[in-house]
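Undergrad:
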Amino acid sequence: MTPRDRLLTVLSGKIPDCVPVTPDMSNMIPARLTGKPFWDIYLYNDPPIWEAHIACAKHFNIDGFMDGLFNDYRPLDFGAEPEQEPEWERFIVFRSPDRIITQACRVEKGKRIWAPKVAVYYVSDPPTGGLPVEKVGLPPVPERWEPLEGVKPIDGGPGGFERAKEMMGDQGLVGLSVISSAVLRNPEDVYRYYDNPDKHEQWAAERVERAERYSRRLMEHGVRPDFISVGGSGTLVFQTVEIFRQLAFPAVKRGIELATAAGIPTHVHSCGPESALVKIFAEETDLTVIDPLEVPPMGDCDLAELKRRHGDNIVLKGNLHTTEVMLQGTPETVAAASRKAIDDGGTGGRFILSTGDQCGRDTPDDNIRAMVETARTYGRY
């Protein structure tokens with residue numbers, strides 16, 4: 000089977016030739032493999048991170064599973080109405096051998112208005128966005144700046160997405176994000192939630208409408224992703240299960256319903272505590288696959304127990320430890336952990352071997368290859 004066929008077989012509840020293997024290498028390893036400063040990828044789109052991700056999948060011959068990376072930071076561009084607000088333009092306000100800092104600015108009535116937050120692009124790490132300017136030691140109004148030039152344009156519309164699917168080809172699947180399961184993402188969001196109890200119902204309803212509108216536009220434009228993502232990193236980090244049910248779940252459930260009706264598999268990624276989410280999605284929705292099922296202390300998942308309780312209703316994808324096993328381990332320890340995960344999660348199908356979140360930048364290539372090799376040789380259901 001090709002990686003694409005293998006994944007589609009598992010997502011349909013059937014048994015493929017072997018257990019698919021999709022270590023989470025969404026950002027850092029693909030960027031490293033380009034051999035370029037990371038700001039080339041994230042700031043200048045040279046290449047854009049989704050292209051680097053596909054190249055990485057082919058490099059290691061994994062079963063590629065690009066879960067919304069194409070539109071992680073923005074909705075798919077359907078040619079929306081022009082902005083009514085004055086347009087923001089990014090400038091470089093700081094540059095050193097190890098980082099570039101950008102700050103957005105717009106002109107109102109002849110006066111420059113600078114955004115209160117900046118983005119930091121590192122030479123060998125993914126960027127940090129949304130940082131208050133004072134946290135990076137710069138003044139609110141920069142003393143000097145230079146134009147941001149040389150950023151390669153990206154087709155963020157249906158045509159660009161189809162190109163991403165063509166680039167992936169038989170190496171795997173390409174998904175799109177429709178809505179997130181994480182509404183509260185930081186302390187400021189938590190304060191806003193408790194300061195505005197009268198708006199909770201409205202926020203939840205607006206998210207349902209957003210999921211319906213976005214799903215409808217996908218269909219209207221003939222965009223058919225291989226799967227629809229409705230997850231969000233750290234869903235239960237700043238949200239309790241009750242807040243998740245109140246604010247996020249109605250829209251997420253609606254997104255799953257619409258995708259299922261269209262015959263498109265659905266996917267949730269939520270690093271951190273996740274066992275409660277597995278139960279909710281397995282028992283109350285038709286969600287197809289959930290990951291990364293992190294073990295303690297970062298997560299709370301026991302793969303064998305989740306398989307016993309929910310493995311007949313949902314595809315489980317996980318869950319090798321990204322630091323103790325993948326980063327710090329040897330090929331032998333990776334192979335042993337892979338065999339255990341296959342034993343714990345593989346019985347009867349509906350299992351994809353993966354990692355308990357993203358592999359670190361310096362994860363040894365030999366460890367990744369050991370994981371792939373184990374899935375290909377030992378990975379029988």
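Here the sequence shown is numbered in numbering that gives the first Met the number 0, starting from 0 and rising by one per residue.
C-beta atoms are modelled at their ideal positions from N, C-alpha and C, and glycine is treated no differently.
Given a threshold of 16 other Cβ atoms within 10 Å of its Cβ, counted over all protein chains shown, does Q201 qualify as buried or as exposed?
TA: On the sequence shown, position 202 is the one that residue 201 refers to. It counts as exposed.
Undergrad: Answer yes or no: do I313 and L286 have a C-beta to C-beta separation smaller than 8 Å?
TA: Taking the sequence shown and counting its residues from 1, one reaches residue 313 at position 314. Taking the sequence shown and counting its residues from 1, one reaches residue 286 at position 287. Yes; because the gap between Cβ atoms is below 8 Å, this pair is in contact.
Undergrad: Grouping DSSP H, G and I as helix and E and B as strand, with all else coil, what is V18?
TA: Here residue 18 corresponds to residue number 19 of the sequence shown, with the count starting at 1. Coil, per DSSP.
Undergrad: Look at R98 and V122 and say whether their C-beta atoms are less than 8 Å apart.
TA: Looking up residue 98 in the sequence shown gives position 99. Looking up residue 122 in the sequence shown gives position 123. Closer than 8 Å, so yes.
Undergrad: Buried or exposed, going by whether 16 or more other CB atoms sit within 10 Å of the CB of P81?
TA: Locating residue 81 in the sequence shown gives position 82, counting from the first residue. Reliability of the predicted coordinates at P81 is poor, the pLDDT of 47 falling under 50, and no value is obtained from them.
Undergrad: Measuring straight from C-alpha to C-alpha, what distance separates P2 and A374?
TA: Locating residue 2 in the sequence shown gives position 3, where the first residue counts as 1. Locating residue 374 in the sequence shown gives position 375, where the first residue counts as 1. Their Cα atoms are separated by approximately 12 Å.
Undergrad: Quick one: what's got a C-beta closer than 7 Å to K116's C-beta in the same chain, skipping five residues either side?
TA: Here residue 116 corresponds to residue number 117 of the sequence shown, with the count starting at 1. Answer for K116: G129, L130, P131 and V132, listed in chain order.
Undergrad: Relative to the C-alpha of I53, which candidate in L75, G174 and Q238 has its C-alpha closest?
TA: Residue mapping note: residue 53 aligns to position 54 of the sequence shown, counting from 1. It is G174.
Undergrad: Just curious, the alpha helix (DSSP H) that Q201 is in, first and last residue?
TA: For the purposes of this step, residue 201 is taken as residue 202 along the sequence shown, with counting starting at 1. That run of the alpha helix (DSSP H) goes H199 to E219.
Undergrad: Using the rule of at least 16 other Cβ atoms within 10 Å of the residue's Cβ for burial, across every protein chain shown, is E283 buried or exposed?
TA: Taking the first residue of the sequence shown as 1, we reach residue 283 at position 284. E283 is exposed by the Cβ-count criterion.
Undergrad: What number of angstroms, rounded off, separates the C-alpha of E165 from the C-alpha of D66?
TA: Taking the sequence shown and counting its residues from 1, one reaches residue 165 at position 166. Taking the sequence shown and counting its residues from 1, one reaches residue 66 at position 67. Each residue's Cα considered, the two are about 16 Å apart.
Undergrad: Which residue comes first and which comes last in the beta strand (DSSP E) that contains M297?
TA: Counting from one through the sequence shown, the residue named residue 297 turns up at place 298. From DSSP, M297 is part of no beta strand (DSSP E); its letter is neither H nor E.
Undergrad: In whole angstroms, what separates the C-alpha of F160 from that of S232?
TA: Residue numbering aside, residue 160 sits at position 161 when the sequence shown is read from its first letter. Residue numbering aside, residue 232 sits at position 233 when the sequence shown is read from its first letter. For F160 and S232, the distance between alpha carbons rounds to 22 Å.
Undergrad: Use the C-beta contact count for S337: other C-beta atoms within 10 angstroms, 16 or more gives buried, fewer gives exposed.
TA: Numbered from 1 along the sequence shown, position 338 holds the residue referred to as residue 337. Answer is buried; the Cβ neighbour count reaches 16.
Undergrad: Would you call D39 buried or exposed, if buried means 16 or more other Cβ atoms sit within 10 Å of its Cβ?
TA: Residue numbering aside, residue 39 sits at position 40 when the sequence shown is read from its first letter. By the 10 Å Cβ count, D39 comes out buried.
Undergrad: Would L68 and V150 qualify as a contact pair, given that the criterion is a beta-carbon distance under 8 Å?
TA: Here residue 68 refers to the residue found at position 69 of the sequence shown. Here residue 150 refers to the residue found at position 151 of the sequence shown. No, these two residues do not count as a Cβ contact at 8 Å.
Undergrad: Is it the case that the Cβ atoms of L292 and G355 are separated by a distance below 8 Å?
TA: Along the sequence shown, read from residue 1 onward, the residue named residue 292 stands at position 293. Along the sequence shown, read from residue 1 onward, the residue named residue 355 stands at position 356. For L292 and G355, yes; Cβs fall inside 8 Å.
Undergrad: Does the distance from the CB of A258 to the CB of I227 come in under 8 Å?
TA: The residue labelled residue 258 in the question sits at position 259 within the sequence shown. The residue labelled residue 227 in the question sits at position 228 within the sequence shown. Result yes, Cβ atoms of A258 and I227 sit closer than 8 Å.
Undergrad: Only counting the same chain, and skipping five residues up and downstream in sequence, which positions put a Cβ closer than 8 Å to that of K252?
TA: Stepping through the sequence shown from its first residue, residue 252 is reached at position 253. Result list for K252: E283 and T284, in chain order.
Undergrad: For the candidate residues L137, V294 and P249, whose alpha-carbon lies nearest to that of F280?
TA: Within the sequence shown, residue 280 is the residue found at index 281, counting from 1. Considering only alpha carbons, the answer is P249.
Undergrad: Suppose you measure from the CA of N185 to the CA of T239; what does that come to, to the nearest Å?
TA: What you label residue 185 is simply residue 186 of the sequence shown in a count that begins at 1. What you label residue 239 is simply residue 240 of the sequence shown in a count that begins at 1. About 13 Å.
Undergrad: Pop quiz: T21 and S353 are said to be a contact at Cβ under 8 Å. What is the actual Cβ separation, rounded to whole angstroms?
TA: The sequence position of residue 21 within the sequence shown is 22, counting from 1. The sequence position of residue 353 within the sequence shown is 354, counting from 1. The pair is a contact, with the Cβ atoms about 5 Å apart (cut-off 8 Å).
Undergrad: So, are the CB atoms of L319 and M370 less than 8 Å apart?
TA: What you label residue 319 is simply residue 320 of the sequence shown in a count that begins at 1. What you label residue 370 is simply residue 371 of the sequence shown in a count that begins at 1. In contact: L319 and M370 (Cβ atoms closer than 8 Å).
Undergrad: Just to confirm before moving on: does the CB-CB distance between V229 and G254 stay below 8 Å?
TA: Counting from 1 along the sequence shown, the entry for residue 229 is found at position 230. Counting from 1 along the sequence shown, the entry for residue 254 is found at position 255. A contact, by the Cβ cut-off of 8 Å.
Undergrad: Quick check on R360: does DSSP put it in helix, strand or coil?
TA: Residue mapping note: residue 360 aligns to position 361 of the sequence shown, counting from 1. In this structure, R360 counts as coil in the three-state DSSP scheme.
Undergrad: Bridge partners for S337 per DSSP, in chain order?
TA: What you label residue 337 is simply residue 338 of the sequence shown in a count that begins at 1. According to DSSP, which records beta bridges pairwise, S337 is partnered with nothing at all.
Undergrad: Suppose the cutoff is 7 Å on Cβ atoms and the five residues either side in sequence are ignored; what does the same chain contact list for F237 look like?
TA: As a working mapping, residue 237 is identified with position 238 in the sequence shown. L183, R184, N185, D188 and V189.
Undergrad: For M140, which residues in the same chain have their Cβ closer than 6 Å to its Cβ, ignoring the five residues on either side in sequence?
TA: As a first step, residue 140 is located in the sequence shown; it is residue number 141 there, counting from the start. According to the sequence as given, residue 140 is Val; it is not Met. Correct list, in chain order: W113.
Undergrad: Measure the alpha-carbon distance for E211 versus H266 and round it to whole angstroms.
TA: The count along the sequence shown starts at 1 and reaches residue 211 at position 212. The count along the sequence shown starts at 1 and reaches residue 266 at position 267. Their Cα atoms are separated by approximately 17 Å.
Undergrad: Which of helix, strand or coil does DSSP assign to I443?
TA: Examination of residue 443 is not possible in this model, given that the chain is present from 0 through 380 alone.
Undergrad: Suppose only complete runs of 3+ residues qualify. What are the beta strand (DSSP E) ranges in the segment 45 to 74, listed by chain order?
TA: DSSP runs (the beta strand (DSSP E)) wholly in the segment 45 to 74: 63 to 65.
Undergrad: Tell me whether the segment 22 to 31 and the segment 357 to 366 touch, counting them as touching only if at least three CB pairs, one residue from each stretch, are closer than 8 Å.
TA: Yes, they touch.
Undergrad: Alpha carbons only, please: which of T234, E208 and D169 is nearest the one belonging to A181?
TA: Position 182 of the sequence shown holds residue 181. The candidate whose alpha carbon is nearest that of A181 is T234.
Undergrad: Smallest Cα separation from R209: which of G221, E219, I178 and N195?
TA: Residue mapping note: residue 209 aligns to position 210 of the sequence shown, counting from 1. If we check each option's Cα against that of R209, I178 comes out closest.
Undergrad: Decide if R191 is buried, meaning its Cβ has at least 16 other Cβ atoms within 10 Å, or exposed.
TA: The count along the sequence shown starts at 1 and reaches residue 191 at position 192. By the neighbour-count rule (16 or more Cβ atoms within 10 Å), R191 is not buried but exposed.
Undergrad: Given this structure, state the Cα-to-Cα distance separating K110 from V92, to the nearest angstrom.
TA: To locate residue 110, count along the sequence shown from 1; it is residue 111. To locate residue 92, count along the sequence shown from 1; it is residue 93. Answer to the nearest angstrom: the Cα atoms are 18 Å apart.
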